[in-house]
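In full-length UniProt numbering, the protein residues as written are 1 to 100. Down below is the structure, laid out as structure tokens.
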């Protein structure tokens, strides 16, 4: 069975252009992936995200964006599912483990 890593996912939608981006972070707030769901990066957006140091490699930066950029972007945070069933499926029984 494949283990699925739990991620916090931010969906960012432009209120003017309609583009949609996804930013994914692990449970420690470390960046895992960036995906463009709709639209293409313009040269200006590319410059702003990747060349000006604004690309958020840590989750705390995107949290700051939620307030700073709310007039231009809708930012939705999807929390990871942390429940018993998810834990059970993520960390399956290990036959070699010892009982205490």
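All C-beta atoms, glycine included, are put in the ideal place defined by N, C-alpha and C.
Practice item. Please classify residue 21: is it buried, with 16 or more other beta-carbons within 10 angstroms of its beta-carbon, or exposed? Key: Residue mapping note: residue 21 aligns to position 21 of the chain shown, counting from 1. By the neighbour-count rule (16 or more Cβ atoms within 10 Å), residue 21 is buried.
Point to revise | Cα-Cα separation between residue 5 and residue 28, rounded to whole angstroms | key: On the chain shown, residue 5 is found 5 positions in, with the first residue counted as 1. On the chain shown, residue 28 is found 28 positions in, with the first residue counted as 1. Residue 5 and residue 28: Cα-Cα distance of roughly 12 angstroms.
Practice item. Put residue 1 into one of helix, strand or coil per three-state DSSP. Key: Counted from its first residue, the chain shown places residue 1 at position 1. Reliability of the predicted coordinates at residue 1 is poor, the pLDDT of 43 falling under 50, and the value obtained from them is presented with this limitation in mind. It is coil, neither helix nor strand.
Point to revise | Candidates 31, 9 and 14: closest to residue 108 by CA position | key: The question about residue 108 has no answer, for the chain in this structure spans 1 to 100.
Review point. Excluding five sequence neighbours on each side, which residues of the same chain lie with their C-beta closer than 6 angstroms to the C-beta of residue 89?
Key: Within the chain shown, numbered from 1, the residue matching residue 89 stands at position 89. Result list for residue 89: empty, nothing under 6 angstroms.
Exercise for review: Decide if residue 10 is buried, meaning its Cβ has at least 16 other Cβ atoms within 10 Å, or exposed.
Suggested key: Taking the chain shown and counting its residues from 1, the one referred to as residue 10 is at position 10. When all chains shown are included, residue 10 counts as buried.
**Study point:** Pick from 23, 18, 17 and 12 that is closest to residue 59, judged by C-alpha positions
**Key:** Indexing the chain shown from 1 puts residue 59 at position 59. Ranking the options by Cα distance to residue 59, first place goes to 23.
Review point. Taking residue 77 as the reference, which of 71, 64, 47 and 42 has the closest Cα?
Key: Position 77 of the chain shown, counted from the first residue, corresponds to residue 77. Per the Cα distances, 64.
Review point. Which residues in the same chain as residue 25 place their Cβ atom closer than 7 angstroms to its Cβ, once the five residues preceding and following it in sequence are excluded?
Key: Mapped onto the chain shown, residue 25 falls at position 25. Within the same chain, residue 25 has close Cβ partners 7, 8, 31, 32 and 59.
Practice item. Check the C-beta distance from residue 73 over to residue 36 and give it rounded, since I have them as a contact under 8 angstroms. Key: Position 73 of the chain shown holds residue 73. Position 36 of the chain shown holds residue 36. That pair is no contact at about 14 angstroms.
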